[in-house]
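Going letter by letter, the sequence shown gives residues 678 to 873 in the working numbering.
Structure first, then comments.
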Amino acid sequence: MAGLERSRSTRPGLLNRLATFLGIKKKEAQILFVGLDNSGKSTLINFLKPDSYKRQEVVPTIGYSVEQFTAGRISFTVFDMSGQGKSRPLWEHYYRDAHAVVFVLDSTDRLRMEVAREELNNLLLHADVSTRKVPILFLANKMDCKDALGPIQVSVDMCLHEINLHSWHICATNAVTGEGVEEGILWLTEQIKHRL
Ligand SMILES: Nc1nc2c(ncn2[C@@H]2O[C@H](COP(=O)(O)OP(=O)(O)OP(=O)(O)O)[C@@H](O)[C@H]2O)c(=O)[nH]1
Ligand SMILES: [Mg+2]
Numbered sequence: 678m679a680g681l682e683r684s685r686s687t688r689p690g691l692l693n694r695l696a697t698f699l700g701i702k703k704k705e706a707q708i709l710f711v712g713l714d715n716s717g718k719s720t721l722i723n724f725l726k727p728d729s730y731k732r733q734e735v736v737p738t739i740g741y742s743v744e745q746f747t748a749g750r751i752s753f754t755v756f757d758m759s760g761q762g763k764s765r766p767l768w769e770h771y772y773r774d775a776h777a778v779v780f781v782l783d784s785t786d787r788l789r790m791e792v793a794r795e796e797l798n799n800l801l802l803h804a805d806v807s808t809r810k811v812p813i814l815f816l817a818n819k820m821d822c823k824d825a826l827g828p829i830q831v832s833v834d835m836c837l838h839e840i841n842l843h844s845w846h847i848c849a850t851n852a853v854t855g856e857g858v859e860e861g862i863l864w865l866t867e868q869i870k871h872r873l
């Protein structure tokens, strides 16, 4: 079935530096990255990884991959799901143990914003998400592209204002340079530190 890839490092990456900064004491946080194919999930995760484990080239994910960042007192386990239509039914198997969901959107993909909205609906209606009130970070990615929608327009198209069971946040990101990512991860870390 799906590919399983693991990377471990003792060199602190952004996630670990933030965890240390925020004084998180518990041991493990599981974060689920979902979103349509080509939205930039793996590129974002590659940015978050410690330098020595960054990939030269990011390729489309087959099934899913798992990345682990370990340093100090905290270990983040990141599930990077494929966004291909045939792989999306896999996402729900990872909802139950996720401390937070990162939903990545390609801000340039106006045509498929509706499809992303449908997938978000499925996620929000799933009992393992709705009953646990999992925080959701939306990343309006590819903000560097000239035809990208702004995060406010993405929020409107995705009807994010209708989400009332979960804490959520949206930021515009460039996964290649990491612009905007730190703000999102900081918000995420604040949300989950009480849940670990
Ligand atoms: N310009 C620009 N390109 C990006 C950005 N993020 C990702 N890309 C490009 O978009 C393409 C898809 O990125 P991936 O990270 O593989 O997307 P994914 O969401 O993991 O896709 P799947 O694994 O198929 O679900 C790659 O060519 C990336 O270089 C961004 O912020 N800006
Ligand atoms: Mg991928």
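Virtual Cβ for every residue (Gly too), placed ideally from N, Cα, C.
Since residue i contacts residue j with CB under 8 Å, what's their CB separation in whole angstroms?
{"i": "Leu-865", "j": "Leu-814", "result": "5 Å"}
{"i": "Val-858", "j": "Ile-847", "result": "Not quite, the Cβ-Cβ distance comes to about 13 Å (not below 8 Å), so this is no contact."}
Is it right to say residue i is buried, meaning 16 or more other beta carbons lie within 10 angstroms of its own, or is it exposed?
{"i": "Asn-798", "result": "exposed"}
{"i": "Leu-692", "result": "buried"}
{"i": "Gly-762", "result": "exposed"}
{"i": "Thr-808", "result": "exposed"}
{"i": "Ile-739", "result": "exposed"}
{"i": "Gln-733", "result": "exposed"}
{"i": "Leu-826", "result": "buried"}
{"i": "Lys-726", "result": "buried"}
{"i": "Asp-829", "result": "Reading off the sequence, residue 829 comes out as Ile, not Asp. Answer is exposed; the Cβ neighbour count stays below 16."}
Just to confirm, is the Cβ distance from residue i to residue j under 8 Å?
{"i": "Pro-737", "j": "Asp-757", "result": "no"}
{"i": "Phe-710", "j": "Val-779", "result": "yes"}
{"i": "Ala-777", "j": "Met-835", "result": "no"}
{"i": "Glu-744", "j": "Val-755", "result": "yes"}
{"i": "Leu-842", "j": "Lys-810", "result": "yes"}
{"i": "Leu-800", "j": "Thr-850", "result": "no"}
{"i": "Arg-765", "j": "Glu-796", "result": "yes"}
{"i": "Thr-720", "j": "Val-853", "result": "yes"}
{"i": "Tyr-741", "j": "Leu-767", "result": "yes"}
Quick check: what's the CA-CA separation for residue i versus residue j?
{"i": "Gln-707", "j": "Gly-760", "result": "19 Å"}
{"i": "Leu-863", "j": "Thr-785", "result": "25 Å"}
{"i": "Asp-728", "j": "Gly-717", "result": "18 Å"}
{"i": "Glu-860", "j": "Met-820", "result": "14 Å"}
{"i": "Pro-812", "j": "Asn-818", "result": "18 Å"}
{"i": "Gly-712", "j": "Met-790", "result": "10 Å"}
{"i": "Glu-839", "j": "Glu-705", "result": "31 Å"}
{"i": "Ile-751", "j": "Asp-805", "result": "Unreliable placement is indicated for Ile-751, whose pLDDT of 45 sits below 50; the coordinate value is still reported in the next sentence. Looking at the two C-alpha atoms, the distance is approximately 24 Å."}
{"i": "Ser-844", "j": "Gly-855", "result": "23 Å"}
{"i": "Phe-753", "j": "Leu-802", "result": "26 Å"}
{"i": "Glu-867", "j": "Tyr-771", "result": "21 Å"}
{"i": "Leu-788", "j": "Arg-872", "result": "36 Å"}
Whole runs of the alpha helix (DSSP H) within the stretch 778-831, excluding any shorter than 4 residues
Assignment of alpha helix (DSSP H) within the stretch 778-831, counting only whole runs of 4 or more residues, yields 790-802 and 804-807 in chain order.
Considering only residues of the stretch 708-758, which uninterrupted beta strand (DSSP E) runs meet the minimum length of 3 residues and lie entirely inside it, listed in chain order?
The qualifying runs are 741-748 and 751-758.
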